[in-house]
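In the numbering used here, the protein residues as written are 4 to 339.
These notes are about the structure you will find just below.
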Amino acid sequence: MKAIRFERPGELHLVEIPNPQPVAGWVRIRVHAAAICMTDVETLRGRHPVEFPIIPGHEFCGVVDQVGSSADEAWLGRKVVADNEICCLKCGYCRRGEWRRCTEFRHIGFGPPGGYAEYVVAPVHNLHVLADSVSFEQGSILEPLGVGLAVGRIGEVQLGMTATILGLGPIGLNCLAVLKASGARRILCLDKQPKRLALAKSWGALHVTDDSEQLKALTRDLHPGGTDIVVEASGHHPLIPLGVNLTRFGGSLVLGGFCKHEALSIDPDSIQGSNRRVLGAGNNPGFIEPAAQAAGDGVLKTEGMITHRFLLDDFRQAFSDEQLTASDFIKGIFVF
Ligand SMILES: [Zn+2]
Ligand SMILES: [Zn+2]
């Protein structure tokens with residue numbers, strides 16, 4: 004089969020390798036769509052710890068075409084998306100649902116081969132059936148949609164809350180879809196890219212802006228006393244103090260963006276004195292299933308987020324800085 008392999012930081016190839024064979028308890032999936040995540044890009048840049056070489060791709064879906072044992076034959080031909088966490092399901096962490104803390108944790112696409120390939124293998128217990136109403140393209144972006152769901156749950160969004168999203172990459176946009184569907188009102192968004200701002204407006208944001216000063220003015224007018232829930236989804240650490248200041252007394256700032264370990268000086272009393280809650284939301288296993296169900300029933304819609312489609316042969320273009328920073332780029336996927 005064809006697969007994209009990251010050999011070492013900065014070096015990638017399209018390789019021809021044997022098709023993987025599933026062992027008992029696993030299946031093989033014929034990949035139909037696999038989305039490009041910025042974590043893959045950071046991996047290629049050497050800023051995400053992995054042992055090279057790897058076949059990346061942790062956001063993928065397809066059809067089960069082979070099973071490791073006859074007990075799992077019912078999965079053959081099913082349209083599925085797979086959780087990318089591999090864990091023992093027996094230890095204390097697993098039993099508490101903290102899969103990524105499992106001592107046997109491995110992450111498909113960051114060690115075990117991922118979905119930038121014609122076939123990928125995954126444990127049966129990782130599979131979720133996709134409804135007919137969910138296209139393969141949509142199926143490939145359910146994993147980041149799950150992050151949006153996690154942000155909503157962690158921030159305890161409720162009907163009627165005011166909300167602001169800082170950064171409208173795929174994670175920020177997915178948070179918008181979830182906040183909107185959860186009944187948040189007067190949603191304000193900040194981003195630099197006009198295409199992302201326009202998409203957020205079309206998904207129901209009340210106001211979008213590329214200027215943090217304007218965002219502050221909008222907040223004073225529309226969220227008097229501060230915003231109930233602010234989501235930092237850019238991973239651009241200078242926005243965190245802004246997020247704290249926008250949040251109302253007792254409100255929540257949810258950190259959904261990865262800040263690449265950049266340090267930040269912050270006045271702790273701006274949190275302590277106003278009972279603000281600063282919540283981490285960077286580790287969210289278990290949300291693909293509810294994302295698949297919500298998307299399948301039309302509760303969460305993310306049309307327009309996928310802006311670029313590539314074949315595996317286009318791998319150089321797909322991972323080029325020029326493509327990733329293009330003014331019309333939001334989310335790219337490989338199609339097969
Ligand atoms: Zn990802
Ligand atoms: Zn475990």
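C-beta: ideal position from N, C-alpha, C; glycine also.
| Query | Result |
| --- | --- |
| Between Val84, Thr222 and Lys198, which has its C-alpha nearest Leu209's C-alpha? | Thr222 |
| Among the candidates Lys198, Leu92, Gly149 and Lys183, whose CA atom is the shortest distance from the CA of Val160? | Lys183 |
| How long is the line joining the alpha carbons of Asn287 and Val154, rounded to whole angstroms? | 9 Å |
| Mind listing which residues have their beta carbon within less than 5 Å of any non-hydrogen atom of ligand 2? Chain order is fine. | Cys90, Cys91, Cys94, Cys97 and Cys105 |
| Could you check which residue in Gly207, Glu62, Cys178 and Ile32 has the C-alpha nearest to that of Ile232? | Cys178 |
| Should Leu130 and Val70 be called a contact, given that it needs their Cβ atoms to be closer than 7 Å? | no |
| What do you get for Val127, buried or exposed, if any count of 16 or more other CB atoms within 10 angstroms of its CB means buried? | buried |
| Tell me which residues share the same chain as Gly118 and place their Cβ nearer than 6 Å to its Cβ, disregarding the 5 neighbours each side in the sequence. | Val34, Ala37, Gly60 and Phe63 |
| Could you tell me which residues DSSP pairs with Cys192 in its beta bridges? | Ile168 and Val211 |
| Going straight from the alpha carbon of Asp300 to that of Asp317, what length do you get? | 33 Å |
| Does Thr250 have its Cβ less than 7 Å from a Cβ in chain C? | Absent from the structure: chain C. Only one protein chain is present. |
| Does the beta-carbon of Thr42, which I'm using as the reference point, lie nearer than 6 Å to any heavy atom of ligand 1? | yes |
| Does DSSP put Asp135 in a helix, a strand or coil? | coil |
| Can you grab the Cα-Cα spacing for the pair Phe55 / Gly100, in whole Å? | 29 Å |
| Going along the chain, which unbroken runs of the beta strand (DSSP E) with 3 or more residues stay wholly within the segment 55 to 81? | 63 to 70 |
| List the DSSP bridge partners of Trp29. | Pro126 |
| Does DSSP put Arg8 in a helix, a strand or coil? | strand |
| Contact check, Ala298 vs Leu145 under 8 Å by CB: the rounded distance? | 6 Å |
| Just to confirm, is the Cβ distance from Gly335 to Ala321 under 7 Å? | yes |
| Please report how far the alpha carbon of Cys105 lies from the alpha carbon of Pro271, in whole angstroms. | 32 Å |
| Residues in the same chain with beta-carbon distance under 7 Å from Phe261, minus the five sequence neighbours each way, listed in chain order, please. | Gly238 and Gly285 |
| Would Gln141 be called buried (16 or more neighbouring beta carbons within 10 Å of its own) or exposed? | buried |
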